[in-house]
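Here the structure is laid out as structure tokens; the discussion comes afterwards.
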Amino acid sequence: MDIDSDEEIEEQIVEQAIRDEIEFNEVVVNVVRATVYHYNNFLIKEPCKNSTRTGWMFMMEILNGNDRRCQEQFRMGKHVFVKLCDRLRSYGLTSTKEVRLEEAVGMFLMTLEHGVGNRIIQEQFQHSGETVSRQFGIVLEKMTILAFDELGHLQNLMKSSITFEDCIGVIDGTHVRVSLPVDEQIPYIGRKGFPTQNIMVVCGFDMLFTFVWLGWERFAHDTRISLEALRNTELKFPIPPDDKYYLVNAGYPNMKGYLAPYKGERYHLPVFRTSGQPIESRETFNYVHSSLRSVIERCFGVWKARWKILQHMPNYKFDKQVTIVTASMALHNFIRREAIADIEFESYKEDEDYVLEDEESYMNLTIDESEMGFVHDRMARELMIV
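Position 258 (the sequence shown) corresponds to 258 in full-length UniProt numbering; numbering is contiguous.
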């Protein structure tokens, strides 16, 4: 019995030793695997962006090449691009060891122009996704300063009827797509079935944005937004002087400082083109009103045609999406001021039949319209005399 017990104990010891050796070997193998993985992926990682043409070389090709290439890639001519870089430099934008200032601006503009994602910009400029994202945020921050400078120069640059000589601009609303989580989309979903933010815009007759208020839900109607703008002094809404006014659409009340068209009469220019010229004073008033107010529709048209990101907004946080839209509007103004002859502006400049969005009318308002009603009738009579 003692011999058998000793043999069993010895066998158990041998088996345990074998098991221990197997476990040790497994640990060694796992450690080796982890070491090899770390070495291959972090110590001798092969560069992914290793094209012989760097992002800076691409920028030099554009800025030293035909002006049309710059227009196609960045939606502005070379001289405008250079002026934009100078302006952003004055706001504190600088080059880094990785990315020069002009390259950072180019990446930002290409993102807005083409509405492309981070990966496309990585490949075009040969930078990592982290670098592209970080530089976009840096340039966007400086663009907010540009927006403060560009979106607030109210001018009265009338081009037409002396009857409307006291008009200082046009107010209207527009919509831009937003990207939101499913559980947050409902307040922003409109008639076309996708979420948009509602934007209040004031535009001059020079096709410049002079005031914008972004981020409203889809069904916040124009009158509510404009009245909130009047109440909120922090917005610094450019309230018209006593003897001046804005042109507004039929969705607004005809109150002091805001001149709407006659309701129930023909209004849009294409309608007059197809059904004949205006006959009586109210139709004549609406015809001239529509002709002048069409500037804001053309302004929306050229702005949205230039920046494709407005139709395909990436999944940024909502506040960042609003900032991007603001930046695109500031760029719209900058190009309008600096470009000698811009292709986009020229294509929309004289298209008075351009109608971008449907208007909505809200008839249950309790605002006193009597004062501007008198202005309505006086101007309608003057137009018939002219």
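Yeah, the Cβ is synthetic: ideal placement off N, Cα and C, and Gly gets one too.
None of the values given here were measured: they were computed from a predicted structure.
Are there 16 or more other CB atoms within 10 angstroms of the CB of residue i, so buried, or fewer, so exposed?
| i | result |
| --- | --- |
| G251 | buried |
| Q311 | exposed |
| F219 | exposed |
| F209 | buried |
| D222 | buried |
| F24 | exposed |
| P261 | buried |
| F164 | buried |
| E15 | exposed |
| N156 | Only weak support is given to the placement of N156: the predicted model assigns it a pLDDT of 43, under 50, and the question is left unresolved by the model. |
| residue 388 | One cannot answer for residue 388 here, as it falls past the ends of the chain, which runs 1 to 386. |
| V288 | buried |
| M59 | buried |
| Q71 | buried |
| D342 | buried |
| I121 | buried |
| H103 | Sequence check: residue 103 is Glu here, not His. By the 10 Å Cβ count, E103 comes out buried. |
| S275 | exposed |
Quick check: the Cα distance between residue i and residue j, rounded to an integer number of angstroms?
| i | j | result |
| --- | --- | --- |
| F237 | L146 | 18 angstroms |
| E346 | M76 | 13 angstroms |
| N118 | I138 | 15 angstroms |
| N198 | R224 | 12 angstroms |
| K304 | K256 | 31 angstroms |
| E184 | F318 | 11 angstroms |
| G204 | T52 | 47 angstroms |
| E26 | D20 | 10 angstroms |
| L101 | Y91 | 12 angstroms |
| E113 | I324 | 12 angstroms |
| M207 | K308 | 19 angstroms |
| F272 | Y348 | 20 angstroms |
| E10 | I22 | 18 angstroms |
| L88 | N232 | 30 angstroms |
| G129 | S226 | 41 angstroms |
| L93 | K192 | 40 angstroms |
| residue 460 | W56 | In this structure the chain extends from 1 to 386, so residue 460 is not present and cannot be described. |
| V202 | R298 | 13 angstroms |
| T196 | V182 | 13 angstroms |
| S290 | H268 | 6 angstroms |
Can you round the beta-carbon distance between residue i and residue j to whole angstroms, since I take them to be within the 8 angstroms contact cut?
| i | j | result |
| --- | --- | --- |
| V322 | L214 | 5 angstroms |
| R266 | N249 | No, R266 and N249 are not in contact; Cβ-Cβ is about 14 angstroms, not under 8 angstroms. |
| F81 | M107 | Actually they do not touch by this definition, with Cβ atoms about 13 angstroms apart. |
| R306 | E344 | 5 angstroms |
| residue 398 | V295 | This structure leaves residue 398 out entirely; the chain is present only between 1 and 386. |
Would residue i pass as a contact of residue j if the rule is Cβ separation under 8 angstroms?
| i | j | result |
| --- | --- | --- |
| Y188 | V176 | no |
| M110 | Q135 | no |
| K245 | L259 | First, the residue type needs correcting, since residue 245 is Tyr and not Lys in the sequence shown. Cβ atoms of Y245 and L259: closer than 8 angstroms. |
| E150 | N333 | yes |
| H127 | V99 | yes |
For residue i, would you say it is in contact with chain D, using Cβ-to-Cβ distances shorter than 8 angstroms as the test?
| i | result |
| --- | --- |
| N249 | As a matter of chain content, chain D is missing from the structure shown, which is built from one protein chain. |
Is residue i near the ligand GTP, with its Cβ less than 7 angstroms from a heavy atom?
| i | result |
| --- | --- |
| R218 | This structure lacks the ligand GTP; in fact it carries no ligand of any kind. |
Quick one: complete alpha helix (DSSP H) runs, 4+ long, within the segment 73 to 116?
78 to 90 and 101 to 114
As an exercise, report each continuous beta strand (DSSP E) stretch of at least 3 residues that is fully enclosed by the segment 202 to 280, in chain order.
209 to 216 and 245 to 247
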